[in-house]
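A.B. asks: Chains as they are written, first to last, in our numbering: chain A, 2 to 254; chain B, 293 to 804.
We put the CB at the ideal spot given by N, CA and C, even for glycine.
Nothing here was measured: the structure is a model prediction, and the numbers come from that model.
Before anything else, here's the structure in question.
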Amino acid sequence: MAASIEFERVHYRLSSGVAVLEDVSFTVEGGEVLVLVGRSGVGKTTVLRLINRLLLPSAGTVRVEGRPTTEWDPIALRRRIGYVLQEVGLFPHMTIGRNVAVVPHLEGWPPDRIRARCAELLELVGLDPASYEGRYPHELSGGQRQRVGFARALAADPPVVLMDEPFGALDPLTRSEMHREFRRIQERVRKTVVMVTHDMGEAFALATRLGVLAEGRLVALDTPEAIARAGDPRIRMFLEALPPVPVVSRVSH
Amino acid sequence: MYLIDFWISHRAEMLGALAQHVVLTLVATATAIAIGVPLGIVATRRPRLGAALLAFANIVQTVPSLAMFGFLVAVPLIGGVGARSALIVLFLYALLPVMRNTVAGIQGIDRAAREAGVAMGMTARQLLLQVELPLAMPTIVAGVRVAAVVGVGAATIAAAIGAGGLGDYIFRGLSMTDPTVILAGAVPAALLALAVDATLGWLERGLTPGATRERRVTFRAVAATTIAIALIVSASFALSGRWGTRVIIGSKNFTEQVILGELLAQTVERATNLRVDRRLNLGGTFICEEALRAGAIDAYVEYTGTALTAIFHQPVAPDRAEVYARVASAYAATGRTVLSPLGFNNTFAILIRSAEARGLHLKTISDAAPYTSKWKAAFGYEFLEREDGYKGLARTYHLRFAEPPRVMDLTLSYRALASGAVDLIAGDATNGLIKGLDLFMLEDDRRYFPPYDAIPVVRAQTLAAHPELRRAIEQLAGRISEETMRQMNYDVDVRHRDAAVVVREFLDRLGS
């Protein structure tokens, strides 16, 4: 499959001149789950925002499906990219069904197709459409809301999904349940996923490839297995912060 | 229970005033929403412009409403007297809360919801209509709620420039110092404010995410109905009486003026086919003069002495004919015509109790002067201060009181005299209380006070367009004596009868 997302020597500086990303280059293949880890404030979210053109690079090029983001119409680009946030960002004034249907609505799908798609997605994320469609976000638990957020990101069947610490606000039990769900769904939908997290365990559990960001640079990018064996002290620092069990189980495959 | 009697006897007028009040508040608030919400949206997009707009609205809000009404009367195009200027003032007051809450509502939206909207590919317009406005709506409605409640209150003051509404009763009651009449306007105004507050509060809660679905459905139905009714009411109000030639009669805001305004209006209605609009209870000489000059009213009754000093700033003269001639030519030079005097002279009246007048055989101020050393006096603040008030009076008649005169509200001084707390006051010659409290007016035998003959003043342009107007009003020339005027004031002030009815009865007698 062709490279779906490509960063070529990307720099990003704030208007104050502070460098957030420096000389970052990587490619993400179609259907791959790239997980970027790093401490808070290291520029992880900036990477995501550069992909859906919420930000433009100060230097270098970000390509989506072979085309630089500067050449994309931002609206058209964003409708091809699902986005999942830690705070979920469901619209509190819309029902669950209407929340999931936002992008199909924007795209002007016929009502029948929207309804069918909505039901299909709610089922995919494990929520019974009949009982959840008409509810409002405040009636749901944190985990249920995150499932809806994921369904909403997938609604218009975008080839790319960006996930910004999607499970960070959940309790550990719900989080590992959501990890299983994510793997199950990804098995079926095969999206190109870029996820950022500061949780190394999560990264090892979900990634097909794993990138480590430190001080605005991408210091490692490899399979989880290769990362686990690496000797770079900046990578070891993250590994040492890990709870040992998930790594061992994952690496021992 | 006087209050309920008053409401029952004035019910048609009351309902009219209530309707005017509601429409004023409604139209002003609706306009503030139509303009304030877009301005609020612009303010969130352009913070610098937004800060300037909010600062402007803030300043406007701090201007006392009476001052703003008074100021607008003299402004061409948008100003004048009547509902239009009132709407502008009320709109300006309503603008700040609506705009401020729109800004606060949009800025207060959960960052994640907005970011999700943008990231999903909403255009700025879609984000505004589908996310920002719906989420800001409870806050915006809260602003509308404040605006509407403030509007109900401010609309009472609009009566000062002839916009009508419940404030008419408040001002009328204040000038009569009759608490019943004040309450007749104030109680419904307060209830209206509470009702508006409760309705919009309910609307606000219905819009807040978290309301149950059933509630949302009922809520939408009720909201839609309310808006529909509001639109129909304001449309019919705007359209009503737009056709036909009309003459606008004004008056100042005290009982006698309201009676005289009603007198001009009914006389014109009886004698001509012209339609008459009443702008009674305008807030004072200045506002009547500005309104007449600007063509916002066509006619009202002024007093020669007041016109000479307060409007044309000329020195007073004691001779009635001379003052009339000077006033008539000053008005003529500014496009107004003075018609024949109505007959009575509402000059200052030096009053004592009738019992004393009889007992001591007092007829004139000169007769009374020797007794003043044993008397106490009370005067209104203005009379005490003015050069042509107490100081000159005391010099002319060599008055010397047992103690320095007290300052007292004019109407209260009548009561103080009747109860024996003081022995001499300066009132006005046609006050109904002179009859009601059995007081005696001493003759100004040295002709110290300037004449205050009542004269109808009409715009020359209006007279030229409707010659029948002159004939109609001239029927009143010399027909109203001090005694007649005093009786009518008494009927309204003391017997609480309706001015329109008192005038109708008078005209019936005059015609028969």
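Whose C-alpha, out of 461(B), 682(B), 549(B), 413(B), is nearest the C-alpha of residue 103(A)?
C.D. replies: 413(B)
A.B. asks: Quick one: grab the DSSP three-state call for residue 45(A).
C.D. replies: helix
A.B. asks: Can you tell me where the alpha helix (DSSP H) holding residue 397(B) begins and where it ends?
C.D. replies: 375-399
A.B. asks: What does the Cβ neighbour count give for residue 531(B), buried or exposed, with the cut at 16 atoms within 10 Å?
C.D. replies: In this prediction, residue 531(B) has a pLDDT of 48, which is less than 50 and means its spatial position is unreliable; what the coordinates show is noted afterwards. Burial call: exposed.
A.B. asks: Can you give the Cα-Cα distance for residue 742(B) and residue 614(B), rounded to whole angstroms?
C.D. replies: 11 Å
A.B. asks: Is the CB of residue 76(A) under 8 Å away from at least one CB in chain B?
C.D. replies: yes
A.B. asks: I'd like to know whether the C-beta of residue 792(B) is nearer than 8 Å to at least one C-beta of chain A.
C.D. replies: no
A.B. asks: In whole angstroms, give me the CA-to-CA distance for residue 22(A) and residue 498(B).
C.D. replies: 46 Å
A.B. asks: Alpha carbons only, please: which of 5(A), 31(A), 38(A), 56(A) is nearest the one belonging to residue 12(A)?
C.D. replies: 56(A)
A.B. asks: What did DSSP end up calling residue 639(B) once you bin it into helix, strand or coil?
C.D. replies: In the structure shown, residue 639(B) falls within a coil segment according to DSSP collapsed to helix, strand and coil.
A.B. asks: Do you know offhand how far residue 769(B)'s Cα is from residue 633(B)'s?
C.D. replies: 6 Å
A.B. asks: Do residue 145(A) and residue 171(A) come within 8 Å of each other at the CB atom, strictly closer than that value?
C.D. replies: Their beta carbons are not under 8 Å apart, which means residue 171(A) does not touch residue 145(A) by this criterion.
A.B. asks: Compute the Euclidean distance between the alpha carbons of residue 191(A) and residue 396(B), then round it to the nearest angstrom.
C.D. replies: Taken atom to atom, the span from the alpha-carbon of residue 191(A) to that of residue 396(B) is near 42 Å.
A.B. asks: Could you please tell me which residues of the stretch 42-67 of chain A, in chain order, have their CB closer than 8 Å to any CB of chain B?
C.D. replies: Close to chain B, meaning a Cβ-Cβ distance shorter than 8 Å, are the following residues of the stretch 42-67 of chain A: 53, 55.
A.B. asks: Mind pulling the chain B residues with CB within less than 9 Å of residue 88(A)?
C.D. replies: 402, 403, 404, 405, 407, 408
A.B. asks: Does DSSP put residue 23(A) in a helix, a strand or coil?
C.D. replies: strand
A.B. asks: Could you give the DSSP three-state label for residue 573(B): helix, strand or coil?
C.D. replies: strand
A.B. asks: Decide yes or no for the touch test of the stretch 687-695 of chain B against the stretch 616-629 of chain B: beta carbon pairs closer than 8 Å, at least 3 of them.
C.D. replies: No, they do not touch.
A.B. asks: Roughly how far, in whole angstroms, is the beta-carbon of residue 543(B) from the beta-carbon of residue 623(B), given that I think they are within contact range, below 8 Å?
C.D. replies: Their Cβ separation, rounded to whole angstroms, is 17 Å, which puts residue 543(B) and residue 623(B) out of contact at 8 Å.
A.B. asks: Give me whichever residues DSSP pairs with residue 748(B) in a beta bridge.
C.D. replies: In the DSSP output, where bridge partners are listed per residue, residue 748(B) has 593(B).
A.B. asks: Does DSSP put residue 14(A) in a helix, in a strand, or in coil?
C.D. replies: The three-state reading of DSSP puts residue 14(A) in strand, counting E and B together.
A.B. asks: Using the Cβ count rule (16 or more neighbours within 10 Å means buried), how would you classify residue 41(A)?
C.D. replies: exposed
A.B. asks: If we define contact as Cβ-Cβ less than 8 Å, is residue 92(A) a contact residue for chain B?
C.D. replies: yes
A.B. asks: Just how far apart, CA to CA, sit residue 399(B) and residue 336(B)?
C.D. replies: 7 Å
A.B. asks: Would you mind reading off the limits of the beta strand (DSSP E) that contains residue 222(A)?
C.D. replies: 218-223
A.B. asks: Can you pull out the residues from the stretch 8-36 of chain A whose beta carbon lies closer than 9 Å to at least one beta carbon of chain B?
C.D. replies: none
A.B. asks: Going by C-alpha distance, which of 69(A), 20(A), 30(A), 9(A) is nearest residue 193(A)?
C.D. replies: 30(A)
A.B. asks: How many angstroms separate the CA atom of residue 311(B) from the CA atom of residue 350(B)?
C.D. replies: 29 Å
A.B. asks: Nearest chain B C-beta to residue 79(A) closer than 8 Å, yes or no?
C.D. replies: yes
A.B. asks: Does the stretch 650-666 of chain B come close enough to the stretch 774-789 of chain B that 3 or more CB-CB pairs lie under 8 Å?
C.D. replies: no
A.B. asks: Buried or exposed: where does residue 606(B) fall if 16 or more other Cβ atoms within 10 Å of its Cβ makes it buried?
C.D. replies: exposed
A.B. asks: Using 10 angstroms around the beta-carbon of residue 637(B), count the other beta-carbons present and answer buried if the total reaches 16, otherwise exposed.
C.D. replies: buried
A.B. asks: Taking residue 84(A) as the query, report the chain B residues whose CB atoms sit under 7 Å from its CB, ordered along the chain.
C.D. replies: 408, 411, 412
A.B. asks: What are the start and end residues of the alpha helix (DSSP H) that includes residue 351(B)?
C.D. replies: 339-354
A.B. asks: Just to confirm my understanding: we take residue 418(B), look at its own chain, exclude 5 residues before and 5 after, and list those with CB closer than 8 Å. What are they?
C.D. replies: For residue 418(B), where only same-chain residues beyond five positions count, the Cβ hits under 8 Å are 409.
A.B. asks: Would you decide whether residue 173(A) is buried or exposed? Buried here means 16 or more other CB atoms lie within 10 Å of its CB.
C.D. replies: exposed
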